[in-house]
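Novice: Here's a structure for you.
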Amino acid sequence: MAGTVLLVEDEPSVGELIRGYLTKDGYQVVWVRSGEEGLVELDRHQIRMVVLDIGLPGMDGFEVCRSIRMRSQVPILMLTARDEEFDRVVGLEVGADDYVTKPFSGRELVARIKAILRRTEQQPAKRESYELGDVALNRETHEVVVDGREVDLTAKEFELLAYFAANPGAVLSRDVLLDRVWGLEYPGGTRTVDVHVAQLRRKLGRPELIRTLRGSGYKAIAR
Numbered sequence: 001m002a003g004t005v006l007l008v009e010d011e012p013s014v015g016e017l018i019r020g021y022l023t024k025d026g027y028q029v030v031w032v033r034s035g036e037e038g039l040v041e042l043d044r045h046q047i048r049m050v051v052l053d054i055g056l057p058g059m060d061g062f063e064v065c066r067s068i069r070m071r072s073q074v075p076i077l078m079l080t081a082r083d084e085e086f087d088r089v090v091g092l093e094v095g096a097d098d099y100v101t102k103p104f105s106g107r108e109l110v111a112r113i114k115a116i117l118r119r120t121e122q123q124p125a126k127r128e129s130y131e132l133g134d135v136a137l138n139r140e141t142h143e144v145v146v147d148g149r150e151v152d153l154t155a156k157e158f159e160l161l162a163y164f165a166a167n168p169g170a171v172l173s174r175d176v177l178l179d180r181v182w183g184l185e186y187p188g189g190t191r192t193v194d195v196h197v198a199q200l201r202r203k204l205g206r207p208e209l210i211r212t213l214r215g216s217g218y219k220a221i222a223r
């Protein structure tokens, strides 16, 4: 078996399509119709991947994604009938790893899942901790501390900060950051990088830590 996928989808036809393709590719599928059920099943199984619809009854997909990220770093692929940049950005800000818009083919979905798993599971070993000025980051505990004060970051904000901290002083273009943090599968565009950098500056209270280089990208400054 290729592992267990938690599918949270309330539309029977879409759920049947996804389950069929994943099962054919060797995955075991736990399929539930609501976010509340999904959170229960997440704790009951060893889940390798979550496929999560946004338009769910009760808790919507954004709420479910936030709740998952509070307890797990399991990869999440979000599904939606919406195709607006705002929804894509929100989905990624609350912790999703990728985003697929309905209608989609079963083959595309399986390919996206495999790409996410390659990015998240087959990366070389990373340092557990970094320091950038008075900002300390720990990958193992997923904690960020600024001058003794703990700061709460989303999963993508944390990964973006970690990439800056691992490459202090390097000029990093928006395309490079989009590739290394979100992966080439993400269709949202480089605007997402700017949004996340702005969020990091605000939450860290260190706007000078990540410098904007007009026409080039960004550079982390270790004071």
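1 is the number of the first residue of the sequence shown in full-length UniProt numbering; add one for each residue after it. The beta carbon of each residue, even a glycine, is placed where N, CA and C say it ideally should be.
1. Since residue 259 and residue 132 are thought to touch, with beta carbons under 8 Å apart, how far apart are those beta carbons, to the nearest angstrom?
2. Does residue 50 come out as helix, strand or coil in the three-state DSSP assignment?
3. Judging by CA-CA distance, which residue of 199, 212, 98, 202 is the nearest neighbour of residue 54?
4. Do the region 59-77 and the region 89-107 touch if we need at least three Cβ pairs shorter than 8 Å?
5. Does DSSP classify residue 203 as helix, strand or coil?
6. Please say whether residue 157 and residue 196 have beta carbons closer to each other than 8 Å?
7. Where does the unbroken alpha helix (DSSP H) through residue 15 begin, and where does it stop?
8. When you measure from the CB of residue 209 to every non-hydrogen atom of the ligand PLP, does any distance come out below 7 Å?
9. Do residue 171 and residue 213 have their C-beta atoms within less than 8 Å of each other?
10. Could you check the C-alpha separation between residue 9 and residue 78 for me, to the nearest Å?
11. In terms of DSSP beta bridges, what is residue 78 paired with?
12. Would you mind sorting residue 70 into buried or exposed? The rule is 16 or more other CB atoms within 10 Å of its CB.
13. State yes or no: is the C-beta of residue 204 within less than 8 Å of the C-beta of residue 145?
14. Let's test the definition: count the other Cβ atoms within 10 Å of the Cβ of residue 155 and tell me whether it reaches 16, buried, or not, exposed.
15. With DSSP as the reference, please indicate the residues paired to residue 129 in a beta bridge.
16. Can you tell which of 80, 194, 51, 128 has its C-alpha closest to the C-alpha of residue 116?
17. State the Cα-Cα distance for the pair residue 90 and residue 60, rounded to the nearest angstrom.
18. On a Cα-Cα basis, can you pick out the residue from 20, 7, 33, 25 that is closest to residue 45?
Specialist: Quick answer:
1. Only positions 1 to 223 of the chain appear in this structure, which leaves residue 259 out of reach.
2. Residue mapping note: residue 50 aligns to position 50 of the sequence shown, counting from 1. In the displayed model, residue 50 falls within a strand according to three-state DSSP.
3. Taking the first residue of the sequence shown as position 1, residue 54 is located at position 54. The option with the nearest alpha carbon to residue 54 is 98.
4. They touch, by the three-pair rule.
5. The count along the sequence shown starts at 1 and reaches residue 203 at position 203. Residue 203 falls in the helix class under three-state DSSP.
6. Position 196 of the sequence shown holds residue 196. Position 157 of the sequence shown holds residue 157. Yes. Within cutoff.
7. In the sequence shown, the residue the question calls residue 15 occupies position 15. Element bounds for residue 15: 12-24.
8. Of the ligands one can find in the structure shown there are none, so the ligand PLP has no counterpart to examine.
9. Taking the sequence shown and counting its residues from 1, one reaches residue 171 at position 171. Taking the sequence shown and counting its residues from 1, one reaches residue 213 at position 213. Yes, these two residues count as a Cβ contact at 8 Å.
10. Counting from one through the sequence shown, the residue named residue 9 turns up at place 9. Counting from one through the sequence shown, the residue named residue 78 turns up at place 78. Going by the C-alpha atoms only, they are around 10 Å apart.
11. As a first step, residue 78 is located in the sequence shown; it is residue number 78 there, counting from the start. The bridge partners DSSP lists for residue 78 are 52, 99.
12. Locating residue 70 in the sequence shown gives position 70, counting from the first residue. Per the 10 Å Cβ criterion, exposed.
13. Indexing the sequence shown from 1 puts residue 204 at position 204. Indexing the sequence shown from 1 puts residue 145 at position 145. For residue 204 and residue 145, no; Cβs fall outside 8 Å.
14. Position 155 of the sequence shown, counting from 1, holds the residue named residue 155. That one is buried.
15. In the sequence shown, residue 129 corresponds to position 129, counting from 1. Answer is 138.
16. Here residue 116 refers to the residue found at position 116 when the sequence shown is read from its first residue. 51 is the residue among 80, 194, 51, 128 whose C-alpha sits nearest the C-alpha of residue 116.
17. One-based indexing of the sequence shown puts residue 90 at position 90. One-based indexing of the sequence shown puts residue 60 at position 60. Separation of residue 90 and residue 60 (C-alpha to C-alpha, rounded to the nearest whole angstrom) is 12 Å.
18. Walking along the sequence shown from the start, residue 45 turns up at place 45. The shortest Cα separation from residue 45 among 20, 7, 33, 25 belongs to 7.
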